[in-house]
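Worksheet for the structure shown next.
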Amino acid sequence: MQPYRAQAADSPFVEKESHIGHHSALSQSIIAGNAALRDYEAKQNQLSTAIDSTTHLVADLKNFNGDSWQIRYPHFSSAPPSSGPRARPGIGRRTMTFVDEPQASSEVIVTARPNVRQQLTRSVSYISSGSNLTDSEESVDSPLTELSEEPLSNVAEPNDDFSILSLDLNLGATRHAQSLITRLERSSISALLDNRLSAALRHLSLLHARVNDAHSRVLVTGDLNAGKSTLVNALLRRAEVMPTDQQPLTTRFVEIASAEENGGKEEVHILDQESYDVNNPSTYSVAAISELESLATDPDVDASAPPLRVYLKNRESDIPSILHNGTVDISLIDAPGLNRDSIKTTANFARQEEIDVVVFVVSAANHFTLSAKEFIWQAGQEKAHLFIVVNRFDQIKDKERCRKAVMDQLRQLSPETYADADDLVHFVDSASAAFGFSEDDEGAEELDETFSQLEQSLRSFVLVNRAKSKLGPAQNYITHLLADVELLGSANTLVAVKERDAALQVVERVKPELDQMRKGKDDLEDSLVREEESATSHAITAAESSLRQALDRVGRGEVPGDVEMPRYPGLLGAWDYAFEVRRALLSSLDKAVRDAEDASRMLTTNAVKEVNVIGDKHLPIDVERSKRVFNANAMFFNHGKARRSSGMTNVGLSLANNAILKEVSVSDIFDLQYLLFLGDDVPVDKKSSTLKSLIPASVPTEMSGLGAASVAIGAFSMAGGKTMAIRTIFESAIHLSELASSPVVRKWAGPALGVLVIGAVAYVVYELPRSIPRNVGRHIRASLLAGAADEGEETPFHQAEAQRVGREVRKVMRLAAWDLRERFRGALESRTEIVRENEEAARRACGAIEWFAQVDSRVEGIRSQLGLKF
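So this is what it looks like as structure tokens:
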């Protein structure tokens with residue numbers, strides 16, 4: 001390897017050259033250095049502006065993710081080979097899924113290539129049905145190595161297609177285990193992505209500070225016991241500044257800076273808090289350089305604590321110090337080993353955000369371990385170029401084999417570093433170089449050629465190529481961050497388009513149904529009201545008519561054929577006979593009530609079916625119909641309670657069991673009042689043969705007391721016949737009044753009166769089997785027609801029962817109508833909500849499409865600001 005020779009014309013920082021002999025050459029070097037300095041400052045300002053623009057973009061993306069849209073996080077995997085004559089599977093084709101919806105996959109083309117400014121761009125597009133990538137299409141759209149066509153075998157990458165915004169979704173499981181990922185919800189993924197955006201904003205803030213800071217920080221890190229502290233001592237040309245041993249010593253970060261920054265004093269500052277200020281003694285405590293070993297190797301100190309800051313004076317030498325050259329101040333940070341423990345390794349990873357250059361020390365015997373690969377992969381998100389030191393190379397026998405193995409690993413780990421390997425990768429032995437210095441012999445500075453090349457290359461990388469070492473990481477970070485944002489926006493644009501189209505399809509399908517339901521709402525209500533009123537009125541009319549007929553039949557002392565009348569037991573059993581007759585007549589009325597209820601059940605059943613027909617007419621097809629089955633037998637379950645509430649006081653569950661109605665009175669057997677005053681009789685049908693049918697039409701139905709008495713006396717003289725006509729009674733009464741003045745009549749009046757009484761008694765006794773049912777029925781009818789006045793009005797039995805039947809029918813109809821209304825209302829509300837939600841989803845998706853289009857425009861604008869070549 002040839003020694004690295006920096007060209008002064010390329011650098012704004014001119015090193016001391018003891019061998020420059022010509023004044024003109026020095027002047028040309030100064031002029032070139034000033035020009036390079038101005039170019040560096042222009043790039044610095046341009047990069048600072050790009051960082052500000054990227055910060056605003058990421059902040060807007062974070063706010064958009066929380067307020068307007070839950071950004072989806074895509075996962076890309078190799079697509080199966082496409083079928084087709086010219087298909088080239090695996091080039092650009094990917095299967096895109098989302099971790100919150102792993103079952104839904106889409107065939108996409110992922111492009112990742114440099115644009116005209118040689119900056120990485122990424123985008124996603126759907127593959128149309130049946131399309132294949134041709135050879136010409138491959139040459140345009142094939143992705144670069146940034147999409148990991150050849151994934152690193154032992155490097156744990158959360159997602160090959162994202163670098164800065166990659167999410168580790170396995171929650172501690174193996175990298176390729178997807179069982180836990182699929183359980184994450186969309187909101188959880190969005191929240192994780194929000195955290196990554198917040199981390200990116202913090203990193204951008206640190207980048208802005210680093211880019212505008214003239215000070216450069218160099219982190220010396222590597223695996224445990226790789227010789228990091230030894231390398232630091234060799235670079236400082238001090239034998240034992242950092243403690244060294246064959247076993248690991250460094251337990252905390254130690255930052256070494258020039259004593260020029262501390263007023264020329266060599267000392268150790270123990271930082272008490274994060275806000276360190278060398279001019280503010282309250283922010284640190286001071287220790288002597290001799291105490292550095294005990295402080296740096298304290299095993300009880302956490303590596304995440306603020307580092308020790310060591311200030312050293314420059315040695316008198318012709319070669320300028322690496323810490324201070326009069327223009328730029330540099331600090332070396334010695335770090336604990338990566339694989340010492342998880343806490344110190346994590347602290348090493350976090351420290352990357354604060355440093356400009358990474359010097360990674362690798363043991364020639366172990367090459368790159370897993371922790372080293374993980375660190376280099378993460379560092380590569382920002383720092384494309386790493387300075388690699390393969391230490392203890394002199395101890396390796398087969399040096400070429402070792403060199404080839406290291407370079408093969410590095411080619412995959414950091415392609416940019418591999419491309420500049422002549423300047424950035426060095427195989428040395430730091431221990432032998434450090435042993436060349438001693439505190440007693442300051443002039444003993446003979447270094448071997450390999451370490452001299454390392455030192456010159458590091459100087460040139462940190463000082464001469466300052467744009468690459470200090471500005472390059474910021475540009476590299478922003479480039480990858482913009483590519484991640486672009487890929488994220490492109491994938492989410494596809495999602496937004498898909499969601500918009502799906503939402504609009506739902507609205508297009510549901511909106512007409514919703515409009516039709518809204519128009520038919522009044523018609524549904526009118527139909528239900530009409531059906532309820534129709535069924536109720538028909539039930540009331542039918543029940544009232546049938547019960548009035550039954551009541552009239554009872555008033556005539558008649559019962560229907562399926563009700564058996566008791567047999568007359570004789571005169572001595574007349575009272576019990578009247579009781580049984582009363583029970584039979586009341587039972588016939590109970591049966592009439594049951595018949596009316598049965599008729600209303602049939603009517604209600606048909607009406608409920610009609611309600612279902614109305615529902616089929618007005619409900620959409622996909623709305624589930626009622627699973628309720630109308631049970632007609634459940635009607636009138638509490639009919640006794642309903643009857644009492646209708647005004648039938650003291651009426652129980654049935655008339656036949658009512659104690660009051662079952663009571664027998666003398667008038668049920670001998671109803672003299674009816675015979676004497678001839679009250680209104682009961683309507684009859686054609687088959688009836690009652691007393692009233694024999695009364696001439698010319699005879700008034702209301703008579704004076706004398707006329708009624710005459711009729712009664714005449715009637716008592718007519719004994720022995722099975723019937724006694726009212727006409728005969730009147731004629732007898734007239735004859736009796738004419739004969740009353742005759743002496744003969746007076747003579748025979750007594751015997752005649754006795755015969756009359758005996759005949760009347762015989763007639764009455766003979767007619768009891770027929771008169772008792774009529775008397776009882778007439779009394780029952782009169783009682784039930786009178787109703788009750790407990791609520792201020794009298795309601796006849798047949799009307800009260802008809803109203804009760806109507807109420808029951810109305811209750812059932814209202815229940816059926818309520819069920820239909822609720823289903824209609826639920827369907828209407830659900831469709832309204834579906835339309836509202838999908839219209840809102842469509843608006844939100846359209847907003848996301850427009851917003852991500854603006855993101856693409858802003859990304860291109862920032863890339864134009866980053867059009868730098870470092």
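Note that the sequence shown covers residues 1 to 870 in full-length UniProt numbering.
Quick reminder that beta carbons are idealized off the backbone N, C-alpha and C, glycines included.
Can you give me the C-alpha to C-alpha distance between Leu61 and Ala287, rounded to a whole angstrom?
47 Å
Which of helix, strand or coil does DSSP assign to Arg567?
coil
Which residue from Asp423, Ala817, Gln381 puts its Cα closest to that of Ser460?
When Asp423, Ala817, Gln381 are compared, the shortest CA-CA separation from Ser460 is found for Asp423.
If you compare alpha carbons, which of Ala802, Arg781, Lys470, Phe451 is closest to Ala543?
Ala802
Starting from the Cα of Val389, find the closest Cα among Thr417, Asp398, Gly380 and give me that residue.
Thr417
Run through the DSSP bridge pairs and tell me what Ala578 is partnered with.
Partner(s): none; Ala578 has no beta bridge.
Measuring straight from C-alpha to C-alpha, what distance separates Gln865 and Thr49?
8 Å
Quick one: give me the first and last residue of the alpha helix (DSSP H) that Glu260 is part of.
It is not in any alpha helix (DSSP H) - Glu260 carries neither H nor E in the DSSP assignment.
Pull up the CB-CB distance for Arg94 and Ser77, whole angstroms please, since I reckon it's below 8 Å.
7 Å
Would you say Arg217 and Ser106 are within 9 Å of each other, going by their C-beta atoms?
no
Determine which residues share a DSSP beta bridge with Asn391 and list them.
Ser363
Pop quiz: Leu308 and Arg252 are said to be a contact at Cβ under 8 Å. What is the actual Cβ separation, rounded to whole angstroms?
7 Å
For Ile376, which residues of its own chain have a beta-carbon under 8 Å away from its beta-carbon, when the five flanking residues on both sides are left out?
Phe360, Phe368, Leu386, Leu413, Ser414
Can you grab the Cα-Cα spacing for the pair Gln854 / Thr493, in whole Å?
11 Å
Would you kindly work out how many angstroms separate the C-alpha atoms of Glu794 and Ala786, rounded to a whole number?
One Cα belongs to Glu794, the other to Ala786, and the distance between them is close to 7 Å.
For Gly777 and Leu572, I'd like the C-alpha separation in whole angstroms.
Rounded to the nearest angstrom, the gap between the Cα atoms of Gly777 and Leu572 is 21 Å.
Should Ala596 and Leu547 be called a contact, given that it needs their Cβ atoms to be closer than 9 Å?
Cβ atoms of Ala596 and Leu547: closer than 9 Å.
Who does Ile270 pair with in a DSSP beta bridge?
Ser285, Leu308
Just the C-alpha distance for Asp622 and Asp616, rounded to the nearest angstrom, thanks.
11 Å
Within a Cβ cutoff of 6 Å, which residues of the same chain sit near Val629, ignoring the five residues on either side of it in sequence?
Within its own chain, no residue has a Cβ closer than 6 Å to the Cβ of Val629 once the five positions on either side in sequence are excluded.
Looking at the unbroken alpha helix (DSSP H) that takes in Leu820, where does it start and where does it end?
797-865
Counting C-beta neighbours from all protein chains within 10 Å, is the total for Gly861 16 or more, i.e. buried, or is it exposed?
exposed
Please identify the residue among Leu820, Pro560, Ala816 whose C-alpha is closest to the C-alpha of Pro620.
Residue nearest to Pro620 within the set Leu820, Pro560, Ala816 is Leu820 (criterion: CA-CA distance).
Roughly how many angstroms lie between the CA atoms of Pro336 and Thr297, to the nearest whole one?
Rounded to whole angstroms, Pro336 to Thr297 spans 10 Å at the Cα level.
List the DSSP bridge partners of Ile71.
In DSSP, Ile71 forms no bridge with anything.
Would you tell me roughly how many angstroms separate the C-alpha atoms of Val310 and Ala365, rounded to the nearest one?
A straight line joining the alpha-carbon of Val310 with that of Ala365 spans about 31 Å.
Need the endpoints of the beta strand (DSSP E) that Ser452 sits in, please.
No beta strand (DSSP E) holds Ser452; the alpha helix (DSSP H) holding it covers 449-459.
Exposed or buried, what is Ser128 when buried is set at 16 or more other beta-carbons lying within 10 Å of its beta-carbon?
Note that Ser128 has pLDDT 47, beneath the 50 cutoff, so the model's placement of it is unreliable and the number below is only indicative. Flag for Ser128 reads exposed.
Using a C-beta cutoff of 9 Å, does Val554 count as contacting chain D?
Checking the listed chains, one finds no chain D in this structure; it contains a single protein chain.
With DSSP as the reference, label Ser546 as helix, strand or coil.
helix
How about Ser756 and Tyr577: do their beta carbons lie closer than 9 Å?
In the sequence as presented, Ser is not what sits at residue 756; that position holds Leu. No. Outside cutoff.
Considering just the uninterrupted stretch of the beta strand (DSSP E) at Arg238, what are its terminal residues?
Element bounds for Arg238: n/a, residue is neither H nor E.
Applying the 10 Å Cβ sphere with the 16-neighbour rule, what's the burial state of Phe637?
exposed
Which residues bound the beta strand (DSSP E) around Arg94?
Arg94: member of the beta strand (DSSP E) spanning 93-98, first to last residue.
Report yes or no: do three or more beta-carbon pairs, one from the region 493-505 and one from the region 842-850, lie closer than 8 Å?
Segments in contact, yes.
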